[in-house]
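**Student:**
Residue numbers (my numbering): 781 to 1420.
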């Protein structure tokens, strides 16, 4: 993919994010909002654009106001400075307000800096750290606006952050669809033969993973796949493992394949080159083929789009850190592919988290709920998406339980469904509709229970009541009756027993009925459909569903859309495979020949005989539509 197209893809979604942030802070200058973008999506760049736009719009006064940019690592501070410099050097940007930004990565200095009356706005990079006591002076100063940048609106312990809500968030599949980042390829795991009797990742002794035979197997697989693994980052669990694996790699055939093999640990110059961190990283980026070994150093603030392979040689317990580690490889760079190489089978399910678009940016994914993404473009299509969810067999909700919130184009909606087994292979779902108004409140309760259930920690009864009590649920409804709240709680407990590496595995009966929890995300997406298609579909009774199919590209290459006239007026649209269209086109062509041959004469018998002999490739009820198309010479198809 050419560089200009990658930049356009970034600019498109980042413009949406900037617009949302400017709109929110223009309405409430001292608001506390989150910008949620997965690793690789350009959180820092987006925030730089937003800060400049706030000054341009005079939401921040260019003459008197200053911005405090807070990080917890020097790498993040340097990254922000680089982004501001790039922004200033771009001739498409009219002006840069970089001189109005003060940076701080020494958290001890925050209290004195935030007291400065000229500070009107604070940006907290990697905001999931913001619960630390060092950040509290920021939130205590009520007059300043606060923007948190993160890939998750939860801390590492699953608790919510001190923000009102998300101003803008985007998911992993959305970034893939927009061709912003790569869809990583999860490679076959490296089987080392190492066994651990632990039932939980927390119980694994990571130092035991540092053994010569296990390291040898990792090296063997890397050498075998070295033709496609060009720039490799290896994550291990201990400092000793970093250095021991480094020594074994340097003494292996990989030394002749990779010009650069190095390690880096925490600290200003704790690396194999003995350079300060900034120089080390600069040197590392200059190589096209390399191996770099680290312990949790390169999860935040390290941006090298040439990395194409991540090896997970230790059990990363935090889902956030896992995804940040893997996110090192997903930045687009020419025709690069991204590879994720797990070592051992006791890691959290990487496949689940990628296929379910980093769910933790909405709710905790600890219980591994099923995730469904749906799009809408107006109030009618939103209701239609809701209705199709409620009536789908796999997400069935009884009619009396269905919730239809008031539509607001500025709101963001999602739906969580708890499965209730009714016996005799019958089940239903209890729905909760989430919006900007109740999402953070619900998330706080759901995440608390999810994280504890996933680790087999029994919440006290009063805490279950707190999480499921009626007054705390959505204004749109929810489990109002005790029995319904009990069903929702049961669904969460069964989910906890069905997850990967569950400390208390579920019975086969419960596993067969999973998923017990389903999360449906509704995302606004403006129709990107040519006007000729919109005109062609104008009188179709199923126009909205067709637009959904076109937007989501739910059709095969070379498919066609046909317009079939209905007996009582209007039309029905169908998207059909090319092979089906060829058959229909052939039938219509023959019928046109009959029409020309007999002209005004009655040829109904010939037509009926033809239809009897031919097998209609679409539903039989549309048989007469073809005759109407021929008789009225209708424009009946479009190529997709």
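All C-beta atoms, glycine included, are put in the ideal place defined by N, C-alpha and C.
Predicted model, so just to flag it, every value in this text is computed and none were measured.
Smallest Cα separation from residue 844: which of 872, 1213, 881 and 1276?
**Tutor:** Among 872, 1213, 881 and 1276, the Cα nearest to that of residue 844 belongs to 881.
**Student:** Less than 8 angstroms between the CB atoms is what I'm expecting for residue 850 and residue 791, so what's the real figure, rounded?
**Tutor:** In fact, because the Cβ distance is near 26 angstroms, the residues do not count as touching under 8 angstroms.
**Student:** Could you check whether residue 1153 and residue 1301 sit closer than 7 angstroms to each other, using their CB atoms as the reference points?
**Tutor:** Yes; because the gap between Cβ atoms is below 7 angstroms, this pair is in contact.
**Student:** At which residue ranges does the stretch 1267–1342 contain complete beta strand (DSSP E) runs of 3 or more residues, listed in the order of the chain?
**Tutor:** Qualifying beta strand (DSSP E) stretches, in chain order: 1297–1304.
**Student:** Around the Cβ of residue 1142, are there at least 16 other Cβ atoms within 10 angstroms (buried) or fewer (exposed)?
**Tutor:** Buried, by the Cβ-count rule.
**Student:** Hey, residue 1060 and residue 1050: beta-carbon distance below 7 angstroms or not?
**Tutor:** Contact flag unset, no.
**Student:** Whose CA, out of 1379, 876 and 856, lies closest to the CA of residue 883?
**Tutor:** Considering only alpha carbons, the answer is 856.
**Student:** Quick check on the DSSP output: the alpha helix (DSSP H) that includes residue 1209 runs from which residue to which?
**Tutor:** Looking at the DSSP string, residue 1209 is not in any alpha helix (DSSP H); the run it does join, the beta strand (DSSP E), is 1206–1214.
**Student:** With the cut-off set at 7 angstroms, would you say residue 1147 and residue 1066 are in Cβ contact?
**Tutor:** No, the Cβ-Cβ distance between residue 1147 and residue 1066 is not below 7 angstroms.
**Student:** Note down the Cα distance separating residue 945 from residue 928, rounded to an integer number of angstroms.
**Tutor:** When rounded, the distance between both Cα atoms is 10 angstroms.
**Student:** Just to confirm my understanding: we take residue 1344, look at its own chain, exclude 5 residues before and 5 after, and list those with CB closer than 7 angstroms. What are they?
**Tutor:** Excluding positions up to five away in sequence, the list reads 1351, 1352, 1354, 1402 and 1405.
**Student:** Determine the contact status of residue 1227 and residue 1339, defining contact as a CB-CB distance below 7 angstroms.
**Tutor:** No, Cβ-Cβ distance for residue 1227 and residue 1339 is not below 7 angstroms.
**Student:** Considering only their Cβ atoms, is the gap separating residue 1182 from residue 1201 smaller than 7 angstroms?
**Tutor:** No, the Cβ-Cβ distance between residue 1201 and residue 1182 is not below 7 angstroms.
**Student:** Thinking C-beta only, is residue 913 closer than 7 angstroms to residue 890?
**Tutor:** Against a cut-off of 7 angstroms, the Cβ pair of residue 913 and residue 890 comes out as no contact.
**Student:** Mind the definition here: the stretch 1033–1045 touches the stretch 1100–1109 only if three or more C-beta pairs lie below 8 angstroms; say whether that holds.
**Tutor:** The stretch 1033–1045 vs the stretch 1100–1109: no contact.
**Student:** Out of curiosity, what's the CA-to-CA distance linking residue 1318 and residue 1420?
**Tutor:** About 17 angstroms.
**Student:** With DSSP as the reference, label residue 1107 as helix, strand or coil.
**Tutor:** In this structure, residue 1107 counts as helix in the three-state DSSP scheme.
**Student:** For residue 1175, which residues from the same chain have a beta carbon less than 8 angstroms from its beta carbon, with the 5 sequence-adjacent residues on both sides left out?
**Tutor:** Closer than 8 angstroms at the Cβ level, and outside the excluded window around residue 1175, lie 1152, 1169, 1197, 1209, 1298 and 1300.
**Student:** Below 7 angstroms between beta carbons: does that hold for residue 1040 and residue 999?
**Tutor:** No, the Cβ-Cβ distance between residue 1040 and residue 999 is not below 7 angstroms.
**Student:** Using the Cβ count rule (16 or more neighbours within 10 Å means buried), how would you classify residue 787?
**Tutor:** It is exposed - the Cβ of residue 787 has fewer than 16 other Cβ atoms within 10 Å.
**Student:** Since residue 887 is in the beta strand (DSSP E), which residue starts that stretch and which ends it?
**Tutor:** Where residue 887 is concerned, there is no enclosing beta strand (DSSP E), given that its DSSP letter is neither H nor E.
**Student:** Can you check whether the C-beta of residue 1359 is within less than 7 angstroms of a C-beta belonging to chain D?
**Tutor:** Of the chains in the structure shown, none is chain D; there is only one protein chain.
**Student:** Identify, in the order they occur along the chain, each residue of the same chain with its Cβ nearer than 7 angstroms to the Cβ of residue 1358, setting aside the five sequence neighbours on each side.
**Tutor:** Closer than 7 angstroms at the Cβ level, and outside the excluded window around residue 1358, lie 1338, 1339 and 1340.
**Student:** Could you spell out where the alpha helix (DSSP H) holding residue 1194 opens and where it closes?
**Tutor:** Counting along the chain, residue 1194 falls outside any alpha helix (DSSP H), though it belongs to the beta strand (DSSP E) covering 1193–1203.
**Student:** Which of the three DSSP states is assigned to residue 1153 in this structure?
**Tutor:** If DSSP states are grouped into helix, strand and coil, residue 1153 belongs with the strands.
**Student:** Check whether the Cβ of residue 822 lies closer than 6 angstroms to any heavy atom of the ligand NAP, and answer yes or no.
**Tutor:** For the structure depicted, the ligand NAP is absent and the ligand set is empty, with no information on it obtainable.
**Student:** Per the contact definition of three or more C-beta pairs closer than 8 angstroms, is the stretch 829–840 in contact with the stretch 952–971?
**Tutor:** No, the stretch 952–971 is not in contact with the stretch 829–840.
**Student:** So which of 1191, 1072, 1038 and 1035 has the shortest CA-CA distance to residue 1053?
**Tutor:** If we check each option's Cα against that of residue 1053, 1072 comes out closest.
**Student:** So residue 1122 is in the beta strand (DSSP E); what residue range does that whole segment cover?
**Tutor:** Run containing residue 1122: 1119–1122, per the beta strand (DSSP E) assignment.
**Student:** What are the start and end residues of the alpha helix (DSSP H) that includes residue 1022?
**Tutor:** Looking at the DSSP string, the run of the alpha helix (DSSP H) that includes residue 1022 is 1019–1030.
**Student:** Are the Cβ atoms of residue 1330 and residue 1309 separated by less than 7 angstroms?
**Tutor:** Against a cut-off of 7 angstroms, the Cβ pair of residue 1309 and residue 1330 comes out as a contact.
**Student:** Here's the rule I'm using: 16 or more other beta-carbon atoms within 10 Å means buried, otherwise exposed. How should residue 1334 be labelled?
**Tutor:** Residue 1334 is exposed by the Cβ-count criterion.
**Student:** For residue 892, which of 917, 871, 885 and 1186 has the nearest alpha-carbon?
**Tutor:** Of 917, 871, 885 and 1186, the residue nearest in Cα terms is 917.
**Student:** Leaving aside the five residues before and after residue 1410 along the sequence, list all residues of the same chain whose C-beta is less than 7 angstroms from its C-beta, in chain order.
**Tutor:** Hits under 7 angstroms: 1368, 1371, 1372 and 1375.
**Student:** Three Cβ pairs or more, each shorter than 8 angstroms: is that satisfied between the stretch 1082–1097 and the stretch 1006–1014?
**Tutor:** Short answer: they touch.
**Student:** With burial defined as no fewer than 16 other Cβ atoms inside 10 Å of the residue's Cβ, what is the status of residue 1279: buried or exposed?
**Tutor:** Buried: at least 16 other Cβ atoms inside 10 Å.
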